[in-house]
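Q: Number 70 in our numbering belongs to position 63 of the sequence shown; there are no gaps in the numbering. Think of the CB as a built atom: it goes at the ideal place given N, C-alpha and C, for glycine as much as any other residue. Since the structure is predicted, the reported quantities are computational estimates derived from the model, not experimental observations. Sharing a structure below in structure tokens format, with a few things to ask.
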Amino acid sequence: MLGTSSVVVTATLWLLIGFSVLTWTLIVMKGRLRWRLGRLNRAFRDAFWAERDLAAAEALAGAHPGPLARVCRAGLDALRDLGKDGEHSLQFTGDRRDVIEASLRQQIQNEQHAIESGLTILASIGSTAPFVGLFGTVWGIMHALQDISRTGSASLDVVAGPVGEALIATAIGIATAVPAVLAYNYGVRRARLYVAEMEDFATGFLRVALKAGLNPKRGK
């Protein structure tokens, strides 16, 4: 089919095939990443709340990968920096709770950006692939009309090839867009769940840190 198609339709079909390969590559990669992050978060969350104090939790966070561990390290780093530079840096000026909460929120945003990476590509493919396929369809129909005009006949032998090109372009465009849209919607939902999980953990961490009564001056 590609060998007998016009150059424009062939290029359109290969572009859609490239979109489809990229879509499924992202689906597999993001699926494995979500499974890994979910496992790491569950393991760290269970281990963190089983620790006796923040000192032991700090050692755990330093040795553990994963988003929740990095959020925990950001909060612990803020506590340490408050003790060292709280009186000399504008960054740590203000209420201790606000400073720690801002550090936690910033790290959560960084993790959110990492988790959502690739979703823009899926959204772009999902929204443009049908129109790329439609372009191939229109070009194939135009090709069929040109063949009819040139031969003066509208027989099946004349129009079968160009119309087939048009139908193939439409089918590949839809087949490319549907998985991309579904994967994007699922990825957005999972990203929101991860963010909610990190926010819940940050709230608990902040409560524990303030309840521990850590004094910034104690770090000097």
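1) Between the stretch 37-44 and the stretch 168-182, are three or more C-beta pairs nearer than 8 Å?
2) In chain order, what residues of the same chain have a beta carbon less than 6 Å from the beta carbon of residue 65, not counting five sequence neighbours either side?
3) Indicate whether residue 23 and residue 128 have their beta-carbon atoms separated by less than 8 Å.
4) Pair every Cβ in the stretch 131-142 with every Cβ in the stretch 106-123, then say whether three or more of these pairs are closer than 8 Å.
5) Please name the residue in 116, 74, 134, 187 whose C-alpha comes closest to that of residue 281.
6) Determine whether the beta carbon atoms of residue 78 and residue 209 lie at a separation below 8 Å.
7) Cα separation between residue 199 and residue 81?
8) Does DSSP put residue 80 in a helix, in a strand, or in coil?
9) Please return the same chain residues whose Cβ sits closer than 8 Å to the Cβ of residue 71, not counting the five positions on each side in sequence.
10) On a CA-only basis, which of 104, 112, 89 is nearest residue 207? Give me that one, please.
11) Quick one: residues in its chain with C-beta nearer than 8 Å to the C-beta of residue 110, no 5 flanking neighbours on either side, listed in chain order?
12) How long is the line joining the alpha carbons of residue 93 and residue 67, rounded to whole angstroms?
A: In short, the structure shows the following:
1) no
2) 83
3) no
4) no
5) What is shown of the chain runs 8 to 227, which leaves residue 281 out entirely.
6) yes
7) 20 Å
8) helix
9) 47, 50, 51, 54
10) 112
11) 81, 82, 84, 85
12) For residue 93, the pLDDT reaches just 47, beneath the cut-off of 50, and the residue's location in the model is therefore unreliable, although a value from the coordinates is still provided. Rounded to whole angstroms, residue 93 to residue 67 spans 25 Å at the Cα level.
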